[in-house]
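Peer 1:
Numbering (the numbering used here), first residue to last: 724 to 1241.
Put into structure tokens, the structure is as follows:
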């Protein structure tokens, strides 16, 4: 009876969610024309355009201070039509951080199954992965988050009005507001100059909602999105190739990037270095034939794939808002909004934050934090500005890479090579030992000023649970952590994180940095 009740409850829960979503999507249209009333009376204190992480954080924070807030959310269907509608939560919830981390976890289970045999678990062969089962669980969790956001807007924050639309205009409403915040984020780009790219390719917006396994996949690009997708596809047993035009993880420490891709190659991911796709053709069999050029040799090559995933960058969602008519200044090259330190645009009372802002980190936590701080300032509760320095992040590749602060290259650029000291160590996670796993890419690098108190400029870590490790050390950067602080810290044994506080070999010394003993 409990099982039956739960099944019926789940059915009606998600059915109601979809019904209400379609109802609201059908009767409301957004975004309406941007309009700031100059008469001194407004419909709302704050209108937030964008129902992603940053927009929701800003709107909820404003409502807590008694502001009357409207949230407008609109997402075009993907080019391939894999997603026709999104729920509230933006990229992170629907097609980004959340589904990515869950599928990454599925891939880690595959590795854990192999390790388990060494630890005495008797596992029957063959072990295979079922894409449909995984995606059902992932998508159900995403929908639950969508529903939770909608319930919060409608119930907990009574002054909030959620307006969402996916379909052609039915009603068009003009809202007036004292302040407007634009938090529309970005969407993946297609290389429209490559024949067949749009017609036959997909992006990460589609990947996380595929009903069937993508099969043999070519991932074009070497950003963190590309490598994360390639990593989990390899991890669940799919033949996966990454095509790299120049370098991997541009903007990250390149030594660490090399360790990430080296591990991926030993993990089973193939790499086509210094190659650029030329065209994509669909064969009568349904397979996709990709033709590419090796930029080093000039040679042309072909292979067939079941899916081609484009991960070649993202474009800000600014074109449909009519910002040029308002005089909002954009970076003409990137299309992003030019912002001041307080998130203000070139037009009074119009603000923007998150991925859409020029020079802002394209990270969910920064958008959330910036959104909350902006709401507090607009409500007259604080003057605190967002600090975009030393923002930690993690790349969820098969061997995770976490970092905070400057890369070694950037530290050298800012301070000079002779004025920095790099402490480093190659270590072996204890869990790798019995499983006899290769740990040659597990590495720690602490970049410091060479003289004086040796302020830590950057911290880099490849290994298990890198995000969990980096989150704790990131707080030290807000406190002006030095190498002395690090070396005085007592480690927790046995953990990978303790290796960070034990680093004592410098690159300048030329000594072997391999950790021995426990």
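Just so it is clear, CB atoms sit at the ideal spot from N, CA and C, and this is done for glycine as well. Predicted, not measured: the structure shown is a model, and the values here were computed from it.
The alpha helix (DSSP H) that contains residue 1056, what's its start and end?
Peer 2: No alpha helix (DSSP H) holds residue 1056; DSSP gives it neither H nor E.
Peer 1: On the DSSP letters alone, give me the boundaries of the beta strand (DSSP E) that residue 1017 sits inside.
Peer 2: From DSSP, the beta strand (DSSP E) with residue 1017 extends over 1011-1017.
Peer 1: Straight-line CA distance for residue 794 to residue 1003?
Peer 2: Each residue's Cα considered, the two are about 40 Å apart.
Peer 1: So, is residue 1055 buried or exposed, given that buried needs 16 or more other C-beta atoms within 10 angstroms?
Peer 2: When all chains shown are included, residue 1055 counts as exposed.
Peer 1: Going by the DSSP bridge assignment, what does residue 1144 pair with across the sheet?
Peer 2: DSSP, once it has assigned bridges, lists 1171 as partnering residue 1144.
Peer 1: Mind checking whether residue 1091 and residue 776 have CB atoms under 8 Å apart?
Peer 2: The answer is yes: Cβ separation under 8 Å.
Peer 1: Assign residue 1197 to buried or exposed, taking buried as 16 or more other Cβ atoms, counted over all protein chains shown, within 10 Å of its Cβ.
Peer 2: That one is buried.
Peer 1: Could you give the uninterrupted runs of the alpha helix (DSSP H) lying entirely in the segment 781-857, keeping only those of 4 residues or more?
Peer 2: With a minimum length of 4 residues, the continuous alpha helix (DSSP H) runs that stay inside the segment 781-857 are 813-818, 820-841.
Peer 1: Excluding sequence positions up to five away, which residues of its chain have a Cβ less than 7 Å from the Cβ of residue 1236?
Peer 2: Excluding residues within five positions, the ones whose Cβ falls inside 7 Å are 1147, 1148, 1149, 1228.
Peer 1: If I follow the unbroken alpha helix (DSSP H) through residue 1088, where does it start and stop?
Peer 2: 1087-1101 is the extent of the alpha helix (DSSP H) around residue 1088.
Peer 1: Could you check what DSSP says for residue 1049 in three-state terms: helix, strand or coil?
Peer 2: Helix, per DSSP.
Peer 1: Identify which residue in 1107, 1160, 1193 has its Cα closest to the Cα of residue 842.
Peer 2: Ranking 1107, 1160, 1193 by Cα distance to residue 842 puts 1160 first.
Peer 1: Report the start-end ranges of each beta strand (DSSP E) in the segment 1107-1156 that is 3 residues or longer and not cut off at the edges.
Peer 2: The qualifying runs are 1116-1118, 1124-1128, 1143-1149.
Peer 1: Cα-Cα, which of 1040, 1099, 1087 is closest to residue 1065?
Peer 2: Cα-wise, what sits closest to residue 1065 is 1099.
Peer 1: Touching or not, the segment 1099-1116 and the segment 953-968, by the rule of three or more beta carbon pairs under 8 Å?
Peer 2: No: the two stretches stay apart, fewer than three of their Cβ pairs being nearer than 8 Å.
Peer 1: Which of helix, strand or coil does DSSP assign to residue 1239?
Peer 2: It is coil, neither helix nor strand.
Peer 1: Measure the alpha-carbon distance for residue 1061 versus residue 780 and round it to whole angstroms.
Peer 2: Approximately 21 Å between the Cα atoms of the pair.
Peer 1: Excluding sequence positions up to five away, which residues of its chain have a Cβ less than 6 Å from the Cβ of residue 1014?
Peer 2: Taken in chain order, the residues that qualify are 1001, 1002, 1025.
Peer 1: Cα separation between residue 765 and residue 1038?
Peer 2: Their backbone Cα atoms lie some 32 Å apart in a straight line.
Peer 1: Which partner residues of residue 672 appear in the DSSP bridge assignment?
Peer 2: Here the chain has residues from 724 to 1241 only, and residue 672 is not among them.
Peer 1: Are the beta-carbon atoms of residue 830 and residue 1121 separated by less than 8 Å?
Peer 2: In this structure, residue 1121 lies closer than 8 Å to residue 830 by Cβ.
Peer 1: Anyone know if the C-beta pair for residue 1087 and residue 1111 falls short of 8 Å?
Peer 2: Not closer than 8 Å, so no.
Peer 1: What is the residue span of the alpha helix (DSSP H) that residue 929 lies within?
Peer 2: It spans 927-930 - the alpha helix (DSSP H) in which residue 929 sits, taken as one unbroken run.
Peer 1: For the alpha helix (DSSP H) holding residue 957, just list the boundary residues, first then last.
Peer 2: Start and end: 947-958.
Peer 1: To the nearest angstrom, how far is the alpha carbon of residue 931 from that of residue 823?
Peer 2: Those two C-alpha atoms are separated by around 7 Å.
Peer 1: Express the C-alpha separation of residue 1213 and residue 1239 in angstroms, rounding to a whole number.
Peer 2: Using only the alpha carbons, I get a separation of about 18 Å.
Peer 1: Ignore the nearest five residues each way along the sequence and tell me which others in residue 1019's own chain have a CB closer than 7 Å to its CB.
Peer 2: Once the five neighbours on either side are set aside, the close Cβ partners of residue 1019 are 997.
Peer 1: Looking only at DSSP bridge pairs, what is residue 1083 linked to?
Peer 2: Per DSSP, none; premise fails for residue 1083.
Peer 1: My guess is that residue 1170 and residue 1129 are in contact by the Cβ rule of under 8 Å, so how many angstroms apart are they, rounded?
Peer 2: Contact flag correct, Cβ pair sits at about 6 Å.
Peer 1: Taking all protein chains shown into account, do 16 or more other C-beta atoms lie within 10 angstroms of the C-beta of residue 934, making it buried, or fewer, making it exposed?
Peer 2: Residue 934 is exposed by the Cβ-count criterion.
Peer 1: Can you tell which of 999, 1075, 1200, 1144 has the C-alpha that lies nearest to the C-alpha of residue 1127?
Peer 2: Checking every option, the nearest Cα to that of residue 1127 belongs to 1200.
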